[in-house]
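Novice: Following the working numbering, the numbering of the sequence shown begins with 1 at its first residue and continues without gaps.
Please see the structure below; I have some questions.
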Amino acid sequence: MSSIINKLDKNKIPKHIAMIMDGNGRWAKEQGKNRIFGHQQGVETVRKMVEVCPRIGVEYLTLYAFSTENWSRPKFEVNALMELLVNSLRKEIKKLHENNVRIHAIGCIDDLPKKAQKKLAESAELTKNNTGLNLILALSYSAQWDIVNATKLIAGQVKSGILDIEDVTKERFSSYLSTRNFPNPELLIRTSGERRISNYLLWELAYAEFYFTNTHWPAFTEESLYEAIFDYQNRERRFGKTSEQITQ
Ligand code: IPE
Ligand code: IPE
Ligand code: MG
1 MSSIINKLDK NKIPKHIAMI MDGNGRWAKE QGKNRIFGHQ QGVETVRKMV EVCPRIGVEY
61 LTLYAFSTEN WSRPKFEVNA LMELLVNSLR KEIKKLHENN VRIHAIGCID DLPKKAQKKL
121 AESAELTKNN TGLNLILALS YSAQWDIVNA TKLIAGQVKS GILDIEDVTK ERFSSYLSTR
181 NFPNPELLIR TSGERRISNY LLWELAYAEF YFTNTHWPAF TEESLYEAIF DYQNRERRFG
241 KTSEQITQ
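Here is the structure:
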């Protein structure tokens with residue numbers, strides 16, 4: 001582990017990492033356990049990431065915890081995931097607060113069970129003045145939902161004359177998204193071998209680097225994170241320019 005961390009360029013740590021925490025179910029199955037066990041172990045990986053990220057200079061960590069599409073899973077699993085969310089927050093909030101972590105939630109939070117809404121609101125309120133890691137939980141989230149929601153808000157304001165249509169720039173559009181207070185992620189990590197973004201941060205990932213690993217989320221470690229960042233650091237981010245323009 002020490003070798004890979006020593007290879008990282010401390011000046012090129014992504015400020016914002018977005019993660020698609022995938023593979024809990026398959027990981028559990030490989031262990032001969034049920035899917036819920038996989039989700040429980042997944043929480044351990046979250047705990048590890050929340051500890052490691054600020055230590056190496058990551059300022060924002062957005063985790064895809066439950067998608068709009070995940071509501072279609074069996075009721076038993078949906079309920080277990082909601083319980084796990086509430087219980088994890090209940091158990092961890094004190095330590096998160098002590099560690100200066102600020103909690104945010106994005107997504108259609110109104111669709112979550114009342115208990116989860118309450119816990120999330122309390123956690124956000126308690127940690128609102130914290131200046132360490134911004135931990136952003138994407139819950140009942142889908143990027144298309146967010147974009148449609150932003151469009152409705154903009155259309156409403158244009159209709160009522162508050163907003164001029166000419167002022168709808170990409171910056172202005174971003175300010176109506178649930179991610180409005182965060183910079184765009186530089187790096188997206190998806191575990192479990194799937195190579196898709198499953199309706200995650202479609203707007204915000206416009207210029208992010210994508211990193212896919214076959215490791216399932218519960219087996220993703222501190223070292224796996226360093227490997228992802230190392231890979232990211234060895235890419236040339238050109239933003240439309242030529243390589244010569246970048247290296248000059
Ligand atoms: C990710 O693991 C957790 C959630 C989507 C909530 P999965 O539950 O998708 O695990 P797999 O992909 O079925 O293995
Ligand atoms: C994406 O994982 C959503 C989360 C990690 C919360 P899924 O496992 O639901 O994604 P698909 O359906 O396989 O693309
Ligand atoms: Mg999955």
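The beta-carbon is built from N, C-alpha and C at its ideal position, and this holds for glycine as well.
List the endpoints of the continuous beta strand (DSSP E) containing F210.
Specialist: Residues 209-212.
Novice: My output table needs one value for I165: the three-state DSSP class, helix, strand or coil.
Specialist: It is helical.
Novice: Quick one: which unbroken beta strand (DSSP E) runs of 3-plus residues sit fully inside the region 50-111? Chain order, please.
Specialist: Runs of the beta strand (DSSP E) inside the region 50-111: 60-67, 102-106.
Novice: Helix, strand or coil, according to DSSP, for I13 in the structure here?
Specialist: Three-state result, I13: coil.
Novice: To the nearest angstrom, report how far apart E204 and G156 are at their CA atoms.
Specialist: The alpha-carbon atoms of E204 and G156 are separated by roughly 23 Å.
Novice: Shortest alpha-carbon distance to Q144 belongs to which of N87, E69, N79, P185?
Specialist: Ranking the options by Cα distance to Q144, first place goes to E69.
Novice: Please confirm whether I109 and V58 have their CB atoms less than 8 Å apart.
Specialist: Their beta carbons are not under 8 Å apart, which means I109 does not touch V58 by this criterion.
Novice: I want to check one thing, is the minimum distance from the CB of G38 to the heavy atoms of ligand 3 below 7 Å?
Specialist: No; taking the cut-off as 7 Å, the Cβ of G38 has no heavy atom of ligand 3 nearer than that.
Novice: Looking at ligand 3, does it come within less than 7 Å of G193, judged from the CB to the closest heavy atom?
Specialist: Not so, every heavy atom of ligand 3 lies at least 7 Å from the Cβ.
Novice: Please state the DSSP three-state secondary structure of N181.
Specialist: The answer is coil: DSSP assigns N181 none of H, G, I, E or B.
Novice: Three-state secondary structure (DSSP) at N199?
Specialist: Residue state, collapsed to three classes: coil.
Novice: Under 7 Å Cβ to Cβ from K7, same chain only, skipping five residues before and after it: list those, please.
Specialist: So the qualifying residues of the chain are F230.
Novice: Give me the Cβ distance between I4 and E227, rounded to the nearest whole Å; I'm assuming they're in contact under 8 Å.
Specialist: Rounded, the Cβ-Cβ distance is 6 Å, consistent with contact.
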